[in-house]
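Undergrad:
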Amino acid sequence: MKRIDNLYDKIISLKNLRLADENARRGKTNTYGVKVHDKNREQNLLALHEALLTKTFKTSPYDVFTIYEPKERIIYRLPYYPDRIVHHAVMNVLEPIWVRLFTYNTYSCIKGRGIEGCARRVDKIIKSFEGKPLFCLKIDIKKCYPSMRHRVLKRLIRRKIKDKDLLWLLDEIIDSASMDDAGRPLTEADKAQSDPEDAHGLPIGNYLSQYLANLCFCYFMHWVNEQLAELVKKALRLTVKPRIECTEYADDITFYAESKAVLHEVLKLIRVQLEDGLSLKIKGNYQIFPVAKNRYDRHGRAFDYVGYKFFREQKLMRKSIKQNFCREVARLNKREKPLSQKAYKQAVCPWLGWAKHSNSRHLLKTIIKQKYYGIL
1 MKRIDNLYDK IISLKNLRLA DENARRGKTN TYGVKVHDKN REQNLLALHE
51 ALLTKTFKTS PYDVFTIYEP KERIIYRLPY YPDRIVHHAV MNVLEPIWVR
101 LFTYNTYSCI KGRGIEGCAR RVDKIIKSFE GKPLFCLKID IKKCYPSMRH
151 RVLKRLIRRK IKDKDLLWLL DEIIDSASMD DAGRPLTEAD KAQSDPEDAH
201 GLPIGNYLSQ YLANLCFCYF MHWVNEQLAE LVKKALRLTV KPRIECTEYA
251 DDITFYAESK AVLHEVLKLI RVQLEDGLSL KIKGNYQIFP VAKNRYDRHG
301 RAFDYVGYKF FREQKLMRKS IKQNFCREVA RLNKREKPLS QKAYKQAVCP
351 WLGWAKHSNS RHLLKTIIKQ KYYGIL
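UniProt numbering applies: residue 1 is where the sequence shown begins, and numbers increase by one.
(1) Would you mind sorting P350 into buried or exposed? The rule is 16 or more other CB atoms within 10 Å of its CB.
(2) So, for L153: in the same chain, excluding its five sequence neighbours on each side, which residues have a beta-carbon less than 8 Å away from its beta-carbon?
(3) Since R18 and L52 should fall inside the 8 Å C-beta cutoff, what is the C-beta to C-beta distance between them, to a whole number of angstroms?
(4) Can you tell which of K55, K315, G205, D21 has its C-alpha closest to the C-alpha of E42?
(5) In three-state terms, what does DSSP make of residue 378?
(6) May I ask you to list the residues that DSSP assigns as paired with E72?
(7) With DSSP run on the structure shown, which of helix, strand or coil describes L186?
(8) Applying the 10 Å Cβ sphere with the 16-neighbour rule, what's the burial state of L236?
(9) Keeping to the same chain, check which residues put their C-beta closer than 8 Å to that of N324; ignore five residues upstream and five downstream.
(10) How many whole angstroms separate the CB atoms of F135 and K260, which I take to be in contact at a CB cut-off of 8 Å?
(11) Can the beta-carbon of F48 be found less than 8 Å from the beta-carbon of P79?
(12) Return the residue from the list D165, L170, C144, P146 that minimises the CA-CA distance to L156.
(13) Looking only at C-alpha atoms, which of K164, M148, K234 sits nearest to E197?
(14) How about Y145 and S209: do their beta carbons lie closer than 8 Å?
(15) Given a threshold of 16 other Cβ atoms within 10 Å of its Cβ, counted over all protein chains shown, does S340 qualify as buried or as exposed?
(16) By alpha-carbon positions, which one of R184, K35, R243 ends up nearest to E72?
(17) To which residues does DSSP link Q287 through a beta bridge?
(18) Going by DSSP in three states, F325 sits in which element: helix, strand or coil?
(19) Is L231 closer than 8 Å to L269 when the C-beta atoms are compared?
(20) Taking the alpha carbon of K132 as the reference point, which residue from D297, V291, A119, Q287 has its own alpha carbon closest?
(21) Indicate the three-state DSSP secondary structure (helix, strand or coil) for N92 in the structure shown.
(22) Only counting the same chain, and skipping five residues up and downstream in sequence, which positions put a Cβ closer than 7 Å to that of R318?
(23) With a cut-off of 8 Å on the beta carbons, I'd call I282 and L263 a contact; round off their distance for me.
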């Protein structure tokens, strides 16, 4: 693989820093950090350029807090200036390079793919198994972001990039957050006692983290697409390579095959590959099951993935999304003064996107009774 050099000067150029500033502030122009930065915007960018040029830049302290919806997560938040601007400046240059490395069946945080791209791919895979058995293996990585080893991330970055100045900056950002196994930040005393080679943790909340996570799984997914079927064939002593499909969205990875035996062998092989190559472990709640035709089929079941429940013949909204949709519609329907058509559509718009891409017409007819709103 050809390694790339001479990227750092592009990243720290004032032109790129100004572009990064514009990108980082999208949807956040009224936030405190942006307003403070705007008081001395040009001077701040000049100072940031100088800090990066002289390698005196240091990641700011994180503001660490916990959220509980949709599930409990520990979030690490950095100041708008200088850190978020630096992250966007890095990705302005590295995003096209890294995205070219990602496999076709990786969907998280990639422009033009995302949740709907992944859902369309799953639909296509299910249809391609028409008339054949279809079994599914769903795995999740145990504490994925807190478990990512810094040494592994640095090694993977160096497979494509050889610019020493850029590697210094990426290493500085990666080393800025060290966590325990639960994702809580280590104290200075903990850091002094821990082995630097065992440092781990990728902060949820960093703009750069989502791309580093994709990069972490990138070479694993290449191995899945290029070698896994052949290894399963040898292990099971089959005459032909089994058909194995895969989709990856962040740390949720799903495999599809015609046989349970094939998927059990897949599980053994990927467990070893993840632990040896990435120091990551699969959660014990993995599932292997036949995919049901529809919700009335008792000889299989749906699989819950990227916000949908997939059957062989239909696709429904995830239960939690449907419940939130129903609660919001009920709240709007109880208003003494009805909303205008435009305001009503804006209020339910987030859920209409899910409904549009699933078999939800009956649900819409049931809960949205005012035909005036023109949604049905």
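Glycine included, C-beta positions come from ideal geometry on N, C-alpha and C.
Only a predicted model underlies this, so the values are computations on that prediction, with no experimental measurement involved.
TA: Reading from the atomic positions:
(1) Taking the first residue of the sequence shown as 1, we reach residue 350 at position 350. Exposed: under 16 other Cβ atoms inside 10 Å.
(2) On the sequence shown, position 153 is the one that residue 153 refers to. Closer than 8 Å at the Cβ level, and outside the excluded window around L153, lie I174, L202, L212, L215, C216.
(3) If you number the sequence shown from 1, residue 18 lands on position 18. If you number the sequence shown from 1, residue 52 lands on position 52. R18 to L52, Cβ: 14 Å. No contact.
(4) For the purposes of this step, residue 42 is taken as residue 42 along the sequence shown, with counting starting at 1. With distances taken between Cα atoms, E42 lies closest to D21.
(5) Residue 378 falls outside the range modelled here, since the chain spans only 1 to 376, and no answer is possible.
(6) The count along the sequence shown starts at 1 and reaches residue 72 at position 72. Bridge partners of E72: none, in fact.
(7) Locating residue 186 in the sequence shown gives position 186, where the first residue counts as 1. L186: coil per DSSP, three-state reduction.
(8) The sequence position of residue 236 within the sequence shown is 236, counting from 1. L236 comes out exposed.
(9) Counting from one through the sequence shown, the residue named residue 324 turns up at place 324. Same-chain partners within the cutoff: W351.
(10) As a first step, residue 135 must be located in the sequence shown, where it is residue number 135. As a first step, residue 260 must be located in the sequence shown, where it is residue number 260. With a Cβ gap of about 5 Å, F135 and K260 count as contacting.
(11) Position 48 of the sequence shown holds residue 48. Position 79 of the sequence shown holds residue 79. According to the sequence provided, residue 48 is Leu. The question's Phe does not apply to it. For L48 and P79, no; Cβs fall outside 8 Å.
(12) For this step, residue 156 is matched to residue 156 along the sequence shown. Measuring from the Cα of L156, the nearest candidate turns out to be L170.
(13) Taking the sequence shown and counting its residues from 1, the one referred to as residue 197 is at position 197. Checking every option, the nearest Cα to that of E197 belongs to M148.
(14) Reading the sequence shown from its first residue, position 145 is the one you call residue 145. Reading the sequence shown from its first residue, position 209 is the one you call residue 209. Taking 8 Å as the Cβ cut-off, Y145 and S209 qualify as a contacting pair.
(15) Along the sequence shown, one-based indexing puts residue 340 at 340. With fewer than 16 other Cβ atoms within 10 Å, it is exposed.
(16) On the sequence shown, residue 72 is found 72 positions in, with the first residue counted as 1. Here the closest residue by C-alpha is R184.
(17) As a position in the sequence shown, residue 287 is number 287, starting the count at 1. Q287 pairs with K138.
(18) Indexing the sequence shown from 1 puts residue 325 at position 325. Three-state result, F325: helix.
(19) Indexing the sequence shown from 1 puts residue 269 at position 269. Indexing the sequence shown from 1 puts residue 231 at position 231. Cβ atoms of L269 and L231: closer than 8 Å.
(20) For this step, residue 132 is matched to residue 132 along the sequence shown. Measuring from the Cα of K132, the nearest candidate turns out to be V291.
(21) For the purposes of this step, residue 92 is identified with residue 92 of the sequence shown, where counting begins at 1. Residue state, collapsed to three classes: helix.
(22) Position 318 of the sequence shown holds residue 318. Closer than 7 Å at the Cβ level, and outside the excluded window around R318, lie D304, G307, Y308, K309.
(23) As a position in the sequence shown, residue 282 is number 282, starting the count at 1. As a position in the sequence shown, residue 263 is number 263, starting the count at 1. Not really, about 13 Å apart at Cβ, beyond 8 Å.
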